[in-house]
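Structure first, commentary second.
There are 2 protein chains.
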Amino acid sequence: MVTELGRRERKKLQTRRSIADAATRLFLERGFDEVGVKEIADTADVSVTTLFKHFPSKEALLFDEDEEQESALVEAVRHREGRSIPMALRDHFVEAARGHADHPQFEVFQRLVVETPALRDYGHRMWTRHQDALARAIAEEVGAPEDDVRCAALARFALEARDVIFDRPDRERAADEVFGLLELGWAAEQQS
Amino acid sequence: MVTELGRRERKKLQTRRSIADAATRLFLERGFDEVGVKEIADTADVSVTTLFKHFPSKEALLFDEDEEQESALVEAVRHREGRSIPMALRDHFVEAARGHADHPQFEVFQRLVVETPALRDYGHRMWTRHQDALARAIAEEVGAPEDDVRCAALARFALEARDVIFDRPDRERAADEVFGLLELGWAAEQQS
DNA sequence: GTTGAAAAGTGCAATCGCTACACTTTTGGA
DNA sequence: TCCAAAAGTGTAGCGATTGCACTTTTCAAC
Numbered sequence: 000m001v002t003e004l005g006r007r008e009r010k011k012l013q014t015r016r017s018i019a020d021a022a023t024r025l026f027l028e029r030g031f032d033e034v035g036v037k038e039i040a041d042t043a044d045v046s047v048t049t050l051f052k053h054f055p056s057k058e059a060l061l062f063d064e065d066e067e068q069e070s071a072l073v074e075a076v077r078h079r080e081g082r083s084i085p086m087a088l089r090d091h092f093v094e095a096a097r098g099h100a101d102h103p104q105f106e107v108f109q110r111l112v113v114e115t116p117a118l119r120d121y122g123h124r125m126w127t128r129h130q131d132a133l134a135r136a137i138a139e140e141v142g143a144p145e146d147d148v149r150c151a152a153l154a155r156f157a158l159e160a161r162d163v164i165f166d167r168p169d170r171e172r173a174a175d176e177v178f179g180l181l182e183l184g185w186a187a188e189q190q191s
Numbered sequence: 000m001v002t003e004l005g006r007r008e009r010k011k012l013q014t015r016r017s018i019a020d021a022a023t024r025l026f027l028e029r030g031f032d033e034v035g036v037k038e039i040a041d042t043a044d045v046s047v048t049t050l051f052k053h054f055p056s057k058e059a060l061l062f063d064e065d066e067e068q069e070s071a072l073v074e075a076v077r078h079r080e081g082r083s084i085p086m087a088l089r090d091h092f093v094e095a096a097r098g099h100a101d102h103p104q105f106e107v108f109q110r111l112v113v114e115t116p117a118l119r120d121y122g123h124r125m126w127t128r129h130q131d132a133l134a135r136a137i138a139e140e141v142g143a144p145e146d147d148v149r150c151a152a153l154a155r156f157a158l159e160a161r162d163v164i165f166d167r168p169d170r171e172r173a174a175d176e177v178f179g180l181l182e183l184g185w186a187a188e189q190q191s
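Here it is, written out as structure tokens:
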């Protein structure tokens, strides 16, 4: 079902992109706190009002399109080929980290986020938004009630694990240890 | 070493208290977003400048003095009388919840925090600040290096556990399940 | 094709949290 | 007694965000 979007939608997406692009470029060049929304709007050749019609906050300008992340998490739990759920999630994170290692832009992006408190917080909040979706996927996978506590906890822990692992030198080993912590407790009282 | 603080310190603490009290009262009466810092300052009979000399942000007005929480966490890990660390933390949370159940003011306070995104976020950020201290205490307890990954992960998970448990009807059972998830994985590869 | 309503964009004024600045008052100790 | 540090004040201002009234563009029904 390819939704052949008309000129209107196309233009809308276009201005949205041009705003996000301008913001990302300026932020990377000079730092989040050193760039005002006015300047971003000017660079993208739109009004400040328009900018805020497209994005709910200054921080949101940098975190665009993370719907893929959520579905990727859910997929990781679903198609896991015999592995336990914690191990499947571990692999998912490790692979994602490897994927990012390719693009050198990502390194700079991460650096900016980590070093700017406002962005660090916003990013973390966006990330943990996936908790419910992930918990539901896990529950469905093991036939538990949708709001099972253990599933919710595992989802939350897995999402938090990313940050714990992130600032370690050897991330792969860190991932092993952190998810290893969840593995046994999860296996007990659980069929898969 | 009782620090006999002089008139100056006493007055400072006094204005600080009167600001915090005014803020708390107004927030509880009308909601966080419905009260401006100007009004709080006026109520406490100080200038806005003075208010911000005592508190770093509007949110901080409600979360005063949580240094006790950190030491309580560390103590829970230290004096645990044979229990495993996850179980000691579980008990600590359950007891804390029971203690709060006594004061009915606390119910209202919690309600305000949970229902106000800005406060929810701020509270969570303050809470997770304890991660490092807790992780160090755990590491010291089991003789692991100060920055051990498993210790850091257990600390983070335990702190996050509070929120997972909070909105469940039967918090005690929820605590059992959530910390049970950590128990086995922690016990493996660990002497205590 | 024309037209009319919805959607996209604009510019301005205002709110609100927060900070810098220059200033007065208070206070504790030498 | 006196002085430097600390506490407090008022104003002016910044920057993100919103509401409002407005113009322009676009789509679709007629």
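Taken in order, these protein sequences are the chains called S and R.
Residue numbering for the first sequence follows numbering that gives the first Met the number 0, beginning at 0 and increasing consecutively.
Residue numbering for the second sequence follows numbering that gives the first Met the number 0, beginning at 0 and increasing consecutively.
For each residue, glycine too, the CB sits at the ideal point set by N, CA and C.
Quick caveat, the model's predicted, so the values are computed rather than measured.
When DSSP states are grouped into helix, strand and coil, residue 44 of chain S belongs to the coil group. In the structure shown, residue 80 of chain R adopts coil according to DSSP, grouped into three states. Residue 23 of chain R: member of the alpha helix (DSSP H) spanning 6-29, first to last residue.
Residue contact with chain S for residue 185 of chain R: present (Cβ-Cβ distance below 8 Å to some residue of chain S). For a Cβ distance threshold of 8 Å, residue set 148, 151, 152, 155 of chain R lies close to residue 163 of chain S, ordered along the chain.
For residue 68 of chain S, the closest of S:133, S:150, S:39, S:141 by C-alpha to C-alpha distance is S:133.
Residue state for residue 170 of chain R is assigned as helix, using DSSP reduced to three classes. Burial check for residue 156 of chain R: the Cβ neighbour count within 10 Å reaches 16 or more, so the residue is buried. Residue 26 of chain R has its alpha-carbon roughly 30 Å from the corresponding atom of residue 171 of chain R.
Against chain R, the beta carbon of residue 179 of chain S has neighbours under 7 Å at 184, listed in chain order. Within the stretch 120-134 of chain S, contact with chain R at the beta-carbon level (separation under 8 Å) is assigned to 120, 124. Going by beta carbons, residue 124 of chain R and residue 176 of chain S fall outside the 8 Å limit. Within the stretch 85-104 of chain R, not one residue has a Cβ closer than 7 Å to any Cβ of chain S.
Close partners of residue 173 of chain R in chain S (Cβ separation under 7 Å): 148. Straight-line measurement puts the Cα of residue 154 of chain R at about 13 Å from the Cα of residue 139 of chain R. Taking all protein chains shown into account, residue 85 of chain R has 16 or more neighbouring C-beta atoms within 10 Å of its C-beta and is therefore buried. Neighbours of residue 160 of chain R in chain S, taken as residues whose beta carbon is under 9 Å from its own, are 152, 155, 156 in chain order.
Ranked by Cα distance from residue 18 of chain R, the options R:38, R:174, R:131 are led by R:38. At a cut-off of 8 Å between C-beta atoms, residue 167 of chain R counts as an interface residue with respect to chain S. Within chain R, the residues 147, 148, 149, 152, 188 have their CB atoms less than 9 Å from the CB of residue 176 of chain S, given in chain order. In this structure residue 184 of chain S is in contact with residue 179 of chain R, their Cβ atoms being roughly 6 Å apart against a cut-off of 8 Å. Annotation: residue 60 of chain S is outside any alpha helix (DSSP H) and is labelled neither H nor E by DSSP. Residue 62 of chain S and residue 118 of chain S have their C-alpha atoms spaced approximately 9 Å apart. Distances from the CA of residue 89 of chain S to each of S:173, S:187, S:186 were compared; the closest alpha carbon is that of S:173. A distance of 8 Å or more separates the beta carbons of residue 79 of chain S and residue 71 of chain S.
Nearest C-alpha to residue 130 of chain R among R:104, R:108, R:116, R:161: R:161. By the beta-carbon neighbour count (other beta carbons within 10 angstroms, threshold 16), residue 100 of chain R is exposed.
Here residue 122 of chain R is actually not in contact with residue 107 of chain R; their C-beta atoms are around 15 Å apart, not less than 8 Å. Between the alpha carbons of residue 58 of chain R and residue 34 of chain R lies a gap of roughly 12 Å.
The beta-carbon separation of residue 115 of chain S and residue 31 of chain S, rounded to 4 Å, stays under the 8 Å limit for a contact. When secondary structure is reduced to three states using DSSP, residue 188 of chain S falls in the coil class, being assigned neither helix nor strand.
Residue environment: residue 159 of chain S is assigned as buried (16 or more neighbouring CB atoms within 10 Å of its CB, all protein chains considered). When secondary structure is reduced to three states using DSSP, residue 98 of chain R falls in the helix class.
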